[in-house]
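Asks:
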Amino acid sequence: MYSLLKPCKTTAAIEAIPKERLTLDLDLCEEIFQKHCTIVANAGVMLIVSDRCEVSIHKDGRLILKTDNADLAADQAGRIAGWLDGTPAIRKHTGSGGPGQHSRR
Amino acid sequence: MSKLVCLVSGGIDSPVAAYMMIRQGVEIVAVHMDNRPFTDDKNLEKALHLVRHLQKVTKSPIKTYVVPHGPNHITFAKNCNRHLHCLFCRRMMFRVAERIAEKEGAVGILTGESMGQVASQTVQNLTVVTQITKLPLIRPLIGMDKQEIIEIARKIGTYEISILPGLCCTIVPKQPSTAAKLDAVTSEEQKVDIDVLVEKSLEGMYVLAPEAL
């Protein structure tokens with residue numbers, strides 16, 4: 001699900017960008033994720049969870065992984081993708097998009 | 106000696122502003138608005154490191170307040186116009202700073218704001234932010250460009266601390282307003298209970314004595 005992992009400009013975190021354009025229902029994500037990790041905050045525009053590292057999850061599926069360890073970040077992004085797989089919390093947009101369609105924030 | 110409350114982030118500008126005023130004989134009380142979980146622990150560590158360094162280079166004790174600001178962000182993000190988020194954030198900072206100033210007997214609020222550096226620091230937005238407090242706002246960097254500020258930061262040794270890794274605020278909107286209107290901001294703020302937010306911020310804050318840093 002996630003193809004791009006790149007350090008944030010401050011190098012304090014790693015950003016993961018979905019391969020496809022998608023929209024997440026963060027309230028549903030919160031419900032689903034409760035059994036997998038700790039919910040830190042749901043700000044409506046962003047869900048923050050704590051698992052192997054703390055992660056900010058945006059509505060467009062972008063993740064900000066609060067670690068400078070690329071392996072840990074990749075593992076964490078994979079875990080989140082697994083939790084989302086096949087659930088109604090994720091809606092994929094067909095026909096256009098890709099990682100380049102996502103904004104920086 | 107006059108006393109000012111200084112909003113200190115983990116960035117480059119606010120420590121320079123604090124240094125400039127301490128050099129003029131002003132006593133500083135530092136206030137750090139803790140943006141976690143929308144930033145990370147490193148930002149708080151940097152802010153405290155910067156205050157500690159300022160104490161060392163100026164030989165002036167600095168009392169420091171750390172105020173939880175994350176819950177305020179959540180409330181604004183859930184209830185108010187996203188484009189104006191940075192304005193709500195700044196105005197909350199000034200409300201809290203004003204209350205701490207009252208408690209500390211400080212006569213004004215000192216910031217590292219500099220014109221045009223970020224979305225919230227346009228003339229229009231600074232005007233909207235200014236309305237929120239009756240206290241004088243002291244902005245010694247307002248007309249300086251970034252390079253000038255960096256030069257001072259390097260000279261006083263804060264630059265190297267400020268550029269240490271730390272996550273930038275992640276709840277900044279995609280398109281922050283750069284020309285907010287006061288009535289639009291106040292109208293949006295009516296959707297939340299500002300007084301409760303201020304009180305909860307003050308209830309959650311903690312104080313670090315100069316020798317505890």
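Chains as they are written, first to last, in the working numbering: chain A, 1 to 105; chain B, 106 to 318.
In this text, a Cβ means the ideal position worked out from N, Cα and C, and glycines have one as well.
Computed from a prediction, not measured in an experiment: that's the story for all the values here.
Please state the DSSP three-state secondary structure of Glu218 (chain B).
Replies: Within the second sequence, residue 218 (chain B) is the residue found at index 113, counting from 1. Note: Glu218 (chain B) maps to coil in three-state DSSP.
Asks: Alpha carbon to alpha carbon, how far is Gln160 (chain B) from Val110 (chain B)?
Replies: On the second sequence, position 55 is the one that residue 160 (chain B) refers to. On the second sequence, position 5 is the one that residue 110 (chain B) refers to. Distance between the alpha carbons of Gln160 (chain B) and Val110 (chain B) is about 15 Å.
Asks: Taking only beta carbons into account, state which residues of the segment 5 to 16 of chain A come closer than 9 Å to chain B, listed in chain order.
Replies: For the segment 5 to 16 of chain A, which is checked against every Cβ of chain B, the residues closer than 9 Å are Cys8, Lys9, Thr10, Thr11, Ala12 and Ala13.
Asks: For the segment 72 to 91 of chain A against the segment 217 to 237 of chain B, are there 3 or more C-beta pairs whose distance is under 8 Å?
Replies: The answer is no - the segment 217 to 237 of chain B does not touch the segment 72 to 91 of chain A, with fewer than three Cβ pairs under 8 Å.
Asks: Would you kindly check if the distance between the Cβ of Met220 (chain B) and the Cβ of Ile237 (chain B) is under 9 Å?
Replies: Translated into the one-based positions of the second sequence, residue 237 (chain B) becomes position 132. Translated into the one-based positions of the second sequence, residue 220 (chain B) becomes position 115. The answer is no: Cβ separation not under 9 Å.
Asks: Return the Cβ separation of Gly262 (chain B) and Val121 (chain B) in integer angstroms, given the expectation that the two are a contact with Cβ distance under 8 Å.
Replies: Looking up residue 262 (chain B) in the second sequence gives position 157. Looking up residue 121 (chain B) in the second sequence gives position 16. Contact doesn't hold; Cβ gap of about 11 Å is too wide.
Asks: Going along the chain, which residues of its own chain have a beta-carbon closer than 8 Å to the beta-carbon of Met126 (chain B), five neighbours each way excluded?
Replies: By one-based count along the second sequence, residue 126 (chain B) stands at place 21. Contacts found: Leu109, Cys111, Ile133, Leu215, Ile243 and Pro245.
Asks: Quick one, are the C-beta atoms of Lys279 (chain B) and Cys185 (chain B) less than 9 Å apart?
Replies: The count along the second sequence starts at 1 and reaches residue 279 (chain B) at position 174. The count along the second sequence starts at 1 and reaches residue 185 (chain B) at position 80. The answer is no: Cβ separation not under 9 Å.
Asks: What residue does the alpha helix (DSSP H) around Arg244 (chain B) start on, and which one ends it?
Replies: Counting from one through the second sequence, the residue named residue 244 (chain B) turns up at place 139. Per DSSP, Arg244 (chain B) belongs to no alpha helix (DSSP H) and is neither H nor E.
Asks: Can you give me the C-alpha to C-alpha distance between Leu99 (chain B) and Ser267 (chain B), rounded to a whole angstrom?
Replies: The structure shown does not extend to residue 99 (chain B), since chain B is modelled only from 106 through 318, so no value can be given for it.
Asks: Comparing alpha-carbon positions, which option in A:Leu28, A:Ile90, A:Phe33 and A:Gln76 lies nearest Ala16 (chain A)?
Replies: In the first sequence, counting from the first residue as 1, residue 16 (chain A) sits at position 16. Considering only alpha carbons, the answer is A:Gln76.
Asks: Looking at the secondary structure, which residues open and close the beta strand (DSSP E) in which Ile179 (chain B) lies?
Replies: Here residue 179 (chain B) is taken as the residue at index 74 of the second sequence, counted from 1. From DSSP, Ile179 (chain B) is part of no beta strand (DSSP E) but of the alpha helix (DSSP H) over Gly175 to Asn184.
Asks: Relative to the C-alpha of Ser119 (chain B), which residue among B:Leu287, B:Phe143, B:Ser107 and B:Lys251 is closest?
Replies: Within the second sequence, residue 119 (chain B) is the residue found at index 14, counting from 1. Among B:Leu287, B:Phe143, B:Ser107 and B:Lys251, the Cα nearest to that of Ser119 (chain B) is on B:Lys251.
Asks: What three-state label does DSSP hand Gly100 (chain A) in the structure shown?
Replies: Indexing the first sequence from 1 puts residue 100 (chain A) at position 100. In this prediction, Gly100 (chain A) scores a pLDDT of 46, lower than 50, which makes its location untrustworthy; no coordinate-derived value is stated.
Asks: Would you kindly work out how many angstroms separate the C-alpha atoms of Glu294 (chain B) and Arg196 (chain B), rounded to a whole number?
Replies: By one-based count along the second sequence, residue 294 (chain B) stands at place 189. By one-based count along the second sequence, residue 196 (chain B) stands at place 91. In a straight line, the C-alpha of Glu294 (chain B) is about 10 Å away from that of Arg196 (chain B).
Asks: Ignore the nearest five residues each way along the sequence and tell me which others in Pro7 (chain A)'s own chain have a CB closer than 6 Å to its CB.
Replies: As a first step, residue 7 (chain A) must be located in the first sequence, where it is residue number 7. Taken in chain order, the residues that qualify are Ile14.
Asks: Given that a residue counts as buried once 16 or more other Cβ atoms are within 10 Å of its Cβ, and exposed if not, what is Asp93 (chain A)?
Replies: Here the question's residue 93 (chain A) lines up with position 93 in the first sequence. Looking at the sequence itself, residue 93 (chain A) is His, so the reference to Asp does not match. With fewer than 16 other Cβ atoms within 10 Å, it is exposed.
Asks: Relative to the C-alpha of Ala22 (chain A), which candidate in A:Asp68, A:Lys59 and A:Leu65 has its C-alpha closest?
Replies: In the first sequence, residue 22 (chain A) corresponds to position 22, counting from 1. Reading off the sequence shown, one finds Leu at residue 22 (chain A), where the question assumed Ala. Measuring from the Cα of Leu22 (chain A), the nearest candidate turns out to be A:Lys59.
Asks: Could you pull the DSSP bridge partners for Arg91 (chain A) from this structure?
Replies: Here the question's residue 91 (chain A) lines up with position 91 in the first sequence. Its beta-bridge partners are A:Thr23.
Asks: Pick out the complete alpha helix (DSSP H) segments inside the segment 244 to 290 of chain B, 4 residues or longer, and give them in chain order.
Replies: Correct list: 251 to 261 and 264 to 267.
Asks: Measuring straight from C-alpha to C-alpha, what distance separates Ala74 (chain A) and Ile179 (chain B)?
Replies: In the first sequence, the residue the question calls residue 74 (chain A) occupies position 74. In the second sequence, the residue the question calls residue 179 (chain B) occupies position 74. Computed Cα separation, rounded: 27 Å.
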